[in-house]
Structure formats: structure tokens, C-alpha cells
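Heads up, the thing below is written out as C-alpha cells.
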Amino acid sequence: MIDVAYAMAEAPGGGGGAGFFQAMFPLLLIFIIFYFILIRPQQKKQRTHREMLDALKTGDQIVTAGGVYGTIVDIGETKVKIKIAENVKIDVARSSIASRLGWEGEKGGKEGS
366 MIDVAYAMAE
376 APGGGGGAGF
386 FQAMFPLLLI
396 FIIFYFILIR
406 PQQKKQRTHR
416 EMLDALKTGD
426 QIVTAGGVYG
436 TIVDIGETKV
446 KIKIAENVKI
456 DVARSSIASR
466 LGWEGEKGGK
476 EGS
């Protein structure tokens, strides 16, 4: 009976490599799916946001991440001064600007409205 069990056992070191690749294939497939569903779209969104921040100029109407609407008065390296009401100007971090009103990004649509 023991002889039959040894006869059915896999030869030592014979097929271990193929089993490794079969086990890694589903993990690789999942990583590729995650890349195209999650990572790549996020990178595109970040690139579009960075382009929008680089294209800011005085007079643009913007919305901050906190929901404050305003018009750009002065642009610095890291700060932007925006006018939110008559005689009311505030400094905000350039990275906190969520969108520019009328910005169409790479689509080439109309800017400013």
C-alpha cells in the first residue's frame, strides 16, 4: 500500500517551476486590471489638474477645494491671492485650487466663461 502512495507522488524537483507560474498568473492579471482601472485614470486626473494649475493667470475665476469661489488677483510660487468679494482678498495654497471655471483641460474646449 505504501508503494502505491510513493508511485503516485510527484518526482522531486520535477514540476515545481510550472506550478509557480500558474500560481503567479492570477496575481499578475489582478495587478494589470487594477492598473488600468484605478492607477492609470488617477494619474491622468493628476496630470490634468497639474496642467490646469500651470495655466492659471490673473483674472481667472476659480473654485478652491473648500468651495470658495473667487477671481485670481496675484499668483505666487505656492500661494495665490484671490478676490472673493469687494475689498476682500485671501491667500490660498496653489494646490488647493480645485478647478478653474471654464477649464476644459486637454479637450481644447472654450476657456473662460
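In terms of the working numbering, the sequence shown opens at residue 366 and continues consecutively. Using N, Cα and C, we set each Cβ at its ideal position, and we do this for glycine too.
Measure the alpha-carbon distance for residue i versus residue j and round it to whole angstroms.
{"i": "I402", "j": "K422", "result": "33 Å"}
{"i": "S460", "j": "T443", "result": "8 Å"}
{"i": "Q411", "j": "V445", "result": "19 Å"}
{"i": "L394", "j": "E451", "result": "56 Å"}
{"i": "F399", "j": "L418", "result": "28 Å"}
{"i": "M389", "j": "Q407", "result": "26 Å"}
{"i": "P391", "j": "G384", "result": "12 Å"}
Rank the options by C-alpha distance to the C-alpha of residue i and give the top, closest one.
{"i": "G467", "options": "T436, M389, T443, Q407", "result": "T436"}
{"i": "D439", "options": "F386, G424, G431, R465", "result": "G424"}
{"i": "I427", "options": "K410, A383, K448", "result": "K448"}
{"i": "G441", "options": "E416, A458, Y400", "result": "A458"}
{"i": "G432", "options": "K410, R465, M389, L418", "result": "R465"}
Using the rule of at least 16 other Cβ atoms within 10 Å of the residue's Cβ for burial, across every protein chain shown, is residue i buried or exposed?
{"i": "R415", "result": "exposed"}
What whole-angstrom Cβ distance do residue i and residue j have, given they're in contact under 8 Å?
{"i": "A463", "j": "A430", "result": "5 Å"}
Can you look up residue i in the DSSP assignment and give me helix, strand or coil?
{"i": "G441", "result": "coil"}
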